[in-house]
DNA sequence: CGCACGGATTGATGTGTATCAATGCGCGTC
DNA sequence: GACGCGCATTGATACACATCAATCCGTGCG
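Protein chains in written order, with our numbering: chain A, 7 to 242; chain B, 7 to 242.
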């Protein structure tokens, strides 16, 4: 076994076509799901709490139940790159063997289901379909990582933001949330660290988009007005 | 089954500790490896040839035998983001289900082993350890993607280049290649599209590094002089 | 109720890269 | 051997974004 994260935010053209059964655990089905759930425990985290840090031994797997968790990589100095945001149903570090390669922190109060790695491995050992389910999850995560690389390397600030926001909205829609007034629980700094920008640029670019009538900024929320922002990147 | 790529280039702090048995196929061991190899075929590609394109149905898995292959994502207009370079032993798209989410092209003449997805699935179906081997590969690929996201989002041109070059060298070393005069078979444009820069910036930055005595530029090759370039990013 | 504090916003300014444009260079072709 | 072509290099210039610096504002707290 090894590692897995599963958070998406940038454009997701092909991966994740859609998903009724929200999370991994749900897709396992009734009995398996209950049995597996029982092997783990629910842990509550307060805002800013750290679930795990990069470099630490990866002793357990996580699944967000409530709240928002961000996965990130940092360096000595301070530079931070948020690799993704995890919403309820998302699995973290299922396949990580050895050490965590990212850190995870709760953005706000969060409820997380956690299971020791050995227990999960034992559970999966006589359920072959679990492994292939994991492979599917990881494949989606890799495709998502490709999206993010494209965004980080080849998009300008404005496009990074519009794509991020529409993608974030789509994820919440998939969770059945009301996104008329899109909730944006992460800070401007989090968004900046996710998109490879600075806080100031994020603010200014959002303000510019608001002036242009693309969106409306409210405390903790953003209303997406024009559908143009979609501008879904396609294939060549 | 789903998807997998497995190419790395940026810094790789924790993932891929080391690997004697170079590739996935080799690690399978004698009999399995021979049987699996027999199920596929070897295909030769000329420079610039396309192995597959993003959006196309992913009918087969690939493993580079000789040469260099690049994986990339493009957009309507032309923007391109190279997500990775695949060297001999690297597996491409093992777990992709549905459609390819990236394209692949041979950088120079390349020899690639290819196997229809169904055949591979059948082979793996009664060899459970194959799946977990795939999970391990994918986990490494995800960790690698995180490195690349960090580089794309948080590093300046100079650091992107030095990290890329040392990382590239390390990969070749792992393959047992002589890297005294580091071969750099990919074009400046490829490097630029990988690091989120332009060709001109890559040239200029390399020239600057040469002037500073960090490296020496030769046609198709680069000699890394100062070990400082290492500057291995660590954890916080 | 006034204060302190961190996040958000806006402004002034600097700079790292992109962009536009030439030139050079290696190589295959006729 | 001259031409053509793509890649590499270098220069001049523009601009997007970072940086530095205030101010504003919502919220918790004394």
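Glycine included, every Cβ here is placed at the ideal spot set by N, Cα and C.
Quick caveat, the model's predicted, so the values are computed rather than measured.
Residue i versus residue j: straight-line alpha-carbon distance, rounded
i: residue 221 of chain A; j: residue 215 of chain B; result: 44 Å
i: residue 29 of chain B; j: residue 110 of chain A; result: 31 Å
i: residue 201 of chain B; j: residue 152 of chain B; result: 14 Å
i: residue 217 of chain A; j: residue 209 of chain A; result: 12 Å
i: residue 197 of chain A; j: residue 125 of chain B; result: 43 Å
i: residue 22 of chain A; j: residue 99 of chain B; result: With a pLDDT of 39 at residue 22 of chain A, under the threshold of 50, the modelled position of this residue cannot be trusted; read the value that follows with caution. Computed Cα separation, rounded: 16 Å.
i: residue 70 of chain B; j: residue 185 of chain A; result: 45 Å
i: residue 147 of chain A; j: residue 139 of chain A; result: 13 Å
i: residue 32 of chain A; j: residue 226 of chain B; result: 52 Å
i: residue 188 of chain A; j: residue 187 of chain B; result: 54 Å
i: residue 42 of chain A; j: residue 143 of chain A; result: 17 Å
i: residue 135 of chain B; j: residue 102 of chain A; result: 17 Å
i: residue 224 of chain B; j: residue 178 of chain B; result: 18 Å
i: residue 49 of chain B; j: residue 122 of chain B; result: 13 Å
i: residue 14 of chain B; j: residue 181 of chain B; result: Any answer about residue 14 of chain B is weak, because its pLDDT of 44 lies below 50 and its placement is not dependable; what the coordinates show is given next. Rounded to whole angstroms, residue 14 of chain B to residue 181 of chain B spans 13 Å at the Cα level.
i: residue 97 of chain A; j: residue 75 of chain A; result: 11 Å
i: residue 82 of chain B; j: residue 36 of chain A; result: 44 Å
i: residue 105 of chain A; j: residue 78 of chain A; result: 14 Å
i: residue 45 of chain A; j: residue 34 of chain A; result: 15 Å
i: residue 84 of chain A; j: residue 199 of chain A; result: 11 Å
i: residue 19 of chain B; j: residue 128 of chain B; result: Only weak support exists for where residue 19 of chain B lies, its pLDDT of 40 falling under 50; the value from the coordinates is given anyway. Cα-Cα distance, rounded: 35 Å.
i: residue 219 of chain A; j: residue 95 of chain B; result: 51 Å
i: residue 2 of chain A; j: residue 131 of chain A; result: Outside the displayed span of chain A (7 to 242) sits residue 2 of chain A, for which this structure offers no information.
i: residue 205 of chain A; j: residue 193 of chain A; result: 9 Å
i: residue 163 of chain B; j: residue 211 of chain A; result: 23 Å
i: residue 145 of chain B; j: residue 173 of chain B; result: 18 Å
i: residue 228 of chain B; j: residue 56 of chain B; result: 27 Å
i: residue 183 of chain B; j: residue 207 of chain B; result: 28 Å
i: residue 250 of chain A; j: residue 107 of chain A; result: What the structure shows of chain A is the stretch from 7 to 242, and residue 250 of chain A is not part of that stretch, so it cannot be assessed.
i: residue 176 of chain A; j: residue 157 of chain A; result: 17 Å
i: residue 64 of chain B; j: residue 141 of chain A; result: 16 Å
i: residue 169 of chain B; j: residue 213 of chain B; result: 16 Å
i: residue 40 of chain A; j: residue 190 of chain A; result: 32 Å
i: residue 203 of chain B; j: residue 203 of chain A; result: 15 Å
i: residue 149 of chain B; j: residue 66 of chain B; result: 24 Å
i: residue 232 of chain B; j: residue 137 of chain A; result: 45 Å
i: residue 195 of chain B; j: residue 80 of chain B; result: 14 Å
Chain-ordered neighbours of residue i on chain A, where CB pairs are closer than 9 Å
i: residue 108 of chain B; result: 149, 152
i: residue 111 of chain B; result: Per Cβ cutoff of 9 Å: no residues; residue 111 of chain B is ~12 Å from chain A at best.
Identity of the residues DSSP links to residue i by a beta bridge
i: residue 110 of chain A; result: A:58, A:77
i: residue 94 of chain B; result: Paired residue(s): none; residue 94 of chain B is not in a bridge.
i: residue 124 of chain B; result: DSSP lists no partner for residue 124 of chain B.
i: residue 69 of chain A; result: A:97, A:119
i: residue 87 of chain A; result: A:79
i: residue 105 of chain B; result: B:63
i: residue 189 of chain A; result: A:227
i: residue 50 of chain A; result: A:117
i: residue 221 of chain A; result: A:230
Whole-number beta carbon distance between residue j and residue i, since they are thought to touch under 8 Å
i: residue 112 of chain A; j: residue 51 of chain A; result: 4 Å
i: residue 230 of chain A; j: residue 167 of chain A; result: That belief does not hold up - the Cβ atoms of residue 230 of chain A and residue 167 of chain A are roughly 11 Å apart, past 8 Å.
i: residue 118 of chain B; j: residue 58 of chain B; result: With 8 Å as the limit, residue 118 of chain B and residue 58 of chain B do not qualify as a contact, their Cβ atoms being about 10 Å apart.
i: residue 38 of chain A; j: residue 133 of chain A; result: 7 Å
i: residue 115 of chain A; j: residue 73 of chain A; result: 6 Å
i: residue 87 of chain B; j: residue 155 of chain A; result: 6 Å
i: residue 165 of chain B; j: residue 120 of chain B; result: In fact, because the Cβ distance is near 37 Å, the residues do not count as touching under 8 Å.
Under 8 Å by beta carbon: chain A residues contacting residue i
i: residue 134 of chain B; result: 134, 137
Heavy atom of the ligand FAD within 8 Å of residue i beta-carbon
i: residue 212 of chain A; result: The ligand FAD is absent from the structure shown, which contains no ligand whatsoever.
Next item on the list: Would you list, in chain order, the members of the stretch 152 to 167 of chain A that have their beta-carbon closer than 7 Å to a beta-carbon of chain B?
Entry: Taking a C-beta cut-off of 7 Å against chain B, the contacting residues of the stretch 152 to 167 of chain A are 152, 154, 155, 156, 158, 159, 160, listed in chain order.
Near-chain B residues of the stretch 176 to 203 of chain A - C-beta to any C-beta below 9 Å: 199, 200, 201, 202, 203
Residues, ordered as in the chain, of the stretch 34 to 66 of chain A that lie near chain B by beta-carbon distance below 7 Å: 60, 61
Between the stretch 72 to 99 of chain A and chain B, which residues of the former have a C-beta closer than 7 Å to a C-beta of the latter?
79, 80, 81, 82, 85, 87, 89
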